[in-house]
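Enquirer: Got a structure for you, written out below as structure tokens; questions coming shortly.
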Amino acid sequence: MSASEIPVPQDPADALAAVVALRRLADQLEDAAVEQAMRAGWSWPQVAEALGVTRQAVHRKHAKRLIAAGVKLRRRSP
Amino acid sequence: MSPIDAYLHTVIMEAATEARRQGSATIEAQHLLLAVAAQEGTAPQRVLASAGLDYQAVLAALDREFDHSLSAVGVSRAAFNLPRPSMPSKRPPDIGATGKLALERAFASAPRKKDLRPAHVLLGILQAEVGTVPRALALAGVDRADLLNRVRDAIAGDGVE
Chain S
9 MSASEIPVPQ
19 DPADALAAVV
29 ALRRLADQLE
39 DAAVEQAMRA
49 GWSWPQVAEA
59 LGVTRQAVHR
69 KHAKRLIAAG
79 VKLRRRSP
Chain B
-1 MSPIDAYLHT
9 VIMEAATEAR
19 RQGSATIEAQ
29 HLLLAVAAQE
39 GTAPQRVLAS
49 AGLDYQAVLA
59 ALDREFDHSL
69 SAVGVSRAAF
79 NLPRPSMPSK
89 RPPDIGATGK
99 LALERAFASA
109 PRKKDLRPAH
119 VLLGILQAEV
129 GTVPRALALA
139 GVDRADLLNR
149 VRDAIAGDGV
159 E
């Protein structure tokens, strides 16, 4: 789908609210996807590269939560 | 701790829990609204309930707003079937931009700090004319102007000296 095919709501309030909702959905999707990958044995560097962010960023954002959830984390990349 | 300080503390702590539950890194106005709606036996909770907004109704209205806003760009939450992520860590969320605005408006709506009542917090939240909260209320068929009047009546009837 090209950018011109993304439906843009006519009302600015709807368009701005869609941005807020998409960010929230993306955050939720990231939480679930990172947890899924780490449970499947991915390493931090792999997850970071797949997300297009630094290893430090992904670790800072998700490590505590996953450790609290009892996910067994790989310490080193293969 | 004065009653209003205790109320503010409880509402902000519970709003932080709501924020975490929804995977939000910040406490926003909608999280404060949920916390206010959950404080049984308080004036603002009674005002919300009188407009049909108990805690569950606020939660449902916010969910509806989320889906409605996504649908405006052709996105459906139902299309995502990933496992639910674990509860975020215990790190307390910071107060976000809309949460800060709601509290600033609450404080500004009382003539003096000692006049501040729990209902002023709801008044601050409801004063937002744009954003998630007014959209959720509109979708739930709630007349925000009427609700604001009810809150002001509750404050006036509370014997503010």
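Protein chains in written order, with the numbering used here: chain S, 9 to 86; chain B, -1 to 159.
Beta carbons are placed, not taken as given, at the ideal position from N, Cα and C, and that holds for glycine.
(1) If I measure Cβ to Cβ from Leu124 of chain B and keep anything under 7 Å in the same chain, skipping five residues before and after, which residues do I get?
(2) Smallest Cα separation from Ala77 of chain S: which of S:Ala25, S:Gln44, S:Ala34?
(3) Which residue from B:Glu38, B:Ser0, B:Leu57, B:Ala41 puts its Cα closest to that of Ala27 of chain B?
(4) Taking C-beta pairs closer than 8 Å, name the residues in chain B that Ala2 of chain S reaches, listed in chain order.
(5) Shortest alpha-carbon distance to Gln36 of chain S belongs to which of B:Leu30, B:His29, B:Ile25, B:Gly21?
(6) Can you find a C-beta in chain S that's less than 7 Å from the C-beta of Val56 of chain B?
(7) What number of angstroms, rounded off, separates the C-alpha of Pro20 of chain S from the C-alpha of Gly49 of chain S?
(8) Hey, could you find the ends of the alpha helix (DSSP H) Gly97 of chain B is sitting in?
(9) Using a Cβ cut-off of 9 Å, which residues of the region 55 to 77 of chain B contact any Cβ in chain S, in chain order?
Expert: For this structure:
(1) What you label residue 124 of chain B is simply residue 126 of the second sequence in a count that begins at 1. Same-chain partners within the cutoff: Arg142, Leu145, Leu146, Val149.
(2) Working through the first sequence from its first residue, we reach residue 77 of chain S at position 69. Closest option to Ala77 of chain S, Cα to Cα, is S:Gln44.
(3) As a working note, residue 27 of chain B is residue 29 in the second sequence. Measuring from the Cα of Ala27 of chain B, the nearest candidate turns out to be B:Leu57.
(4) Outside the displayed range of chain S (9 to 86) lies residue 2 of chain S, so it cannot be described from this structure.
(5) In the first sequence, the residue the question calls residue 36 of chain S occupies position 28. With distances taken between Cα atoms, Gln36 of chain S lies closest to B:Gly21.
(6) On the second sequence, residue 56 of chain B is found 58 positions in, with the first residue counted as 1. No, its Cβ sits nowhere closer than 7 Å to a Cβ of chain S.
(7) Position 12 of the first sequence, counted from the first residue, corresponds to residue 20 of chain S. Position 41 of the first sequence, counted from the first residue, corresponds to residue 49 of chain S. Whole-angstrom Cα-Cα distance: 43 Å.
(8) Here residue 97 of chain B corresponds to residue number 99 of the second sequence, with the count starting at 1. Counting along the chain, the alpha helix (DSSP H) containing Gly97 of chain B begins and ends at 95 to 106.
(9) Of all residues in the region 55 to 77 of chain B, Glu63, Phe64, Asp65, His66, Ser67, Leu68, Ser69, Ala70, Val71, Gly72, Val73, Arg75 have a Cβ within less than 9 Å of some Cβ in chain S.
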